[in-house]
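Residue numbers (the UniProt record's numbering), protein chains in the order written: chain A, 1 to 169; chain B, 1 to 169. These notes are about the structure you will find just below.
Printed below as a string of structure tokens:
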């Protein structure tokens with residue numbers, strides 16, 4: 001059976017805005033923004049970047065980043081993404097950037113993280129992983145503006161113990 | 001028709017964790033953590049608190065706070081909640097606290113905000129709204145631990161232009 005799912009836009013009783021409702025079963029889906037977590041990970045003076053093996057932006061470089069899952073903290077989610085995409089173990093530190101993208105209802109929380117050793121490998125969603133010096137970062141092949149902003153802000157607060165997150169939207 | 005909705009726990013093809021699937025229509029629901037936004041709002045040396053008119057914690061006091069909605073930034077969501085619950089207009093400033101509650105898959109982002117004037121009123125989800133001096137805050141009747149933590153941290157960073165968010169979980 002082909003799933004139809006919640007595809008009808010209507011305001012449910014007692015609500016004040018449109019929600020998606022399933023025409024088959026009547027289920028009301030409360031859609032809310034999604035949280036994306038990730039980390040700018042460093043080992044000494046080098047940066048851990050992954051080349052995306054999946055769309056969107058397949059083939060472009062990013063810090064490890066992905067959807068936060070149920071039952072984890074934001075820091076645990078960031079460390080999990082680093083493990084899944086780059087097979088590296090990190091200690092997650094302060095929040096570097098908080099970026100709202102209201103057009104697609106996402107909130108990106110990118111942390112600063114320190115690699116516990118210099119081991120890494122490509123996970124299933126990565127074409128390759130690299131530990132790069134600042135000058136070797138492929139600036140023209142970054143997946144999103146937030147990658148550059150988060151890398152640059154990490155460099156700005158390097159050695160600073162406590163710092164405000166860079167707010168972007 | 002009584003909605004059944006996505007109630008069957010199963011791992012969809014190509015996925016690596018259980019999701020809820022609708023037994024009627026086959027729709028797969030990707031559940032992710034929800035973002036709660038709010039603000040500790042001040043007018044001069046007083047704090048804007050609302051008494052909850054809805055469960056959970058009906059009758060207890062909190063800063064204005066609620067689910068982030070689609071199509072807004074975190075700051076816009078915080079200002080919207082302040083308007084809906086306390087009918088006050090604010091300028092949202094830095095991120096005060098970021099609290100993960102993995103047990104219920106929520107991320108709370110509480111901002112510092114300055115009221116633009118001293119007008120306020122109870123919105124439909126509030127029993128009453130008050131602008132209280134620090135000593136008049138009903139410390140024994142606060143709705144959640146995060147309310148106290150956010151209020152105390154606001155006081156700690158008062159007058160400080162840029163500060164790291166307090167991280168809690």
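For every residue, glycine included, the Cβ atom is placed at its ideal position computed from N, Cα and C. These numbers were taken from a predicted model, which means no experiment stands behind them.
Give the residues of chain B in contact with residue 72 (chain A), contact being defined as C-beta atoms less than 7 Å apart. 102
Roughly how many angstroms lie between the CA atoms of residue 107 (chain A) and residue 28 (chain B), to the nearest whole one? 22 Å
Once you ignore the five residues that flank residue 21 (chain A) on each side, which residues in its own chain have a CB closer than 6 Å to its CB? Correct list, in chain order: 6, 8, 10 and 28.
Minimum length 4: unbroken alpha helix (DSSP H) runs contained in the UniProt domain "Nudix hydrolase" (30-154) of chain B: 74-86
In the segment 25-40 of chain A, which residues sit with their C-beta less than 9 Å from some C-beta in chain B, listed in chain order? 25, 26, 27, 28, 29, 30, 31, 32, 33, 34 and 35
Per DSSP, which one or two residues make a beta bridge with residue 21 (chain B)? B:8 and B:28
So, for residue 67 (chain A): in the same chain, excluding its five sequence neighbours on each side, which residues have a beta-carbon less than 7 Å away from its beta-carbon? 34 and 36, listed in sequence order.
Please confirm whether residue 98 (chain B) has its beta-carbon closer than 8 Å to some beta-carbon of chain A. yes
Look at residue 137 (chain B) and residue 63 (chain B) and say whether their C-beta atoms are less than 8 Å apart. For the pair residue 137 (chain B) and residue 63 (chain B), the CB atoms are not nearer than the 8 Å cut-off.
Cβ-based neighbour list, residue 72 (chain B), same chain, cut-off 8 Å, excluding 5 preceding and 5 following: The answer, listed in chain order, is 80.
Using CA atoms only, rank isn't needed, just tell me which of A:155, A:19, A:56 and A:24 is closest to residue 31 (chain A). A:19
Under the assumption that residue 75 (chain A) contacts residue 50 (chain A) (Cβ atoms under 8 Å), give the Cβ distance between them as a whole number of angstroms. Incorrect: roughly 19 Å between the Cβ atoms, too far for contact.
Let me know if residue 228 (chain A) comes out buried or exposed under the rule of 16 or more other beta-carbons within 10 Å of its beta-carbon. Missing from the structure shown is residue 228 (chain A); chain A here goes from 1 to 169 and no further.
Euclidean distance between Cα positions of residue 41 (chain A) and residue 151 (chain A): Rounded to whole angstroms, residue 41 (chain A) to residue 151 (chain A) spans 9 Å at the Cα level.
Anything in the segment 146-157 of chain A with a Cβ closer than 8 Å to a Cβ of chain B? List those residues in chain order, please. Flagged: no residues at all.
Might you give, ordered along the chain, the residues of its own chain that have their beta carbon closer than 6 Å to the beta carbon of residue 125 (chain B), omitting 5 neighbours on each side? Excluding residues within five positions, the ones whose Cβ falls inside 6 Å are 53, 54 and 85.
Alpha carbon to alpha carbon, how far is residue 140 (chain B) from residue 90 (chain A)? Give it in angstroms, no decimals. Distance between the alpha carbons of residue 90 (chain A) and residue 140 (chain B): 40 Å.
Taking Cβ to Cβ, would you say residue 112 (chain B) is nearer than 8 Å to residue 94 (chain B)? Taking 8 Å as the cut-off, the Cβ atoms of residue 112 (chain B) and residue 94 (chain B) count as close.
Residues near residue 149 (chain A) by beta carbon distance below 7 Å, same chain, minus five either side: 97, 166 and 168
Which residues in chain A sit within 8 Å of residue 69 (chain B), going by Cβ to Cβ distance? The contacting residues are 17, 32 and 33.
Run the CB neighbour count on residue 160 (chain B), radius 10 Å, all protein chains shown included, and call it buried at 16 or more, exposed below. exposed
Other residues of its chain near residue 129 (chain B): CB distance less than 6 Å, five sequence neighbours each side excluded: 50, 86, 120 and 122
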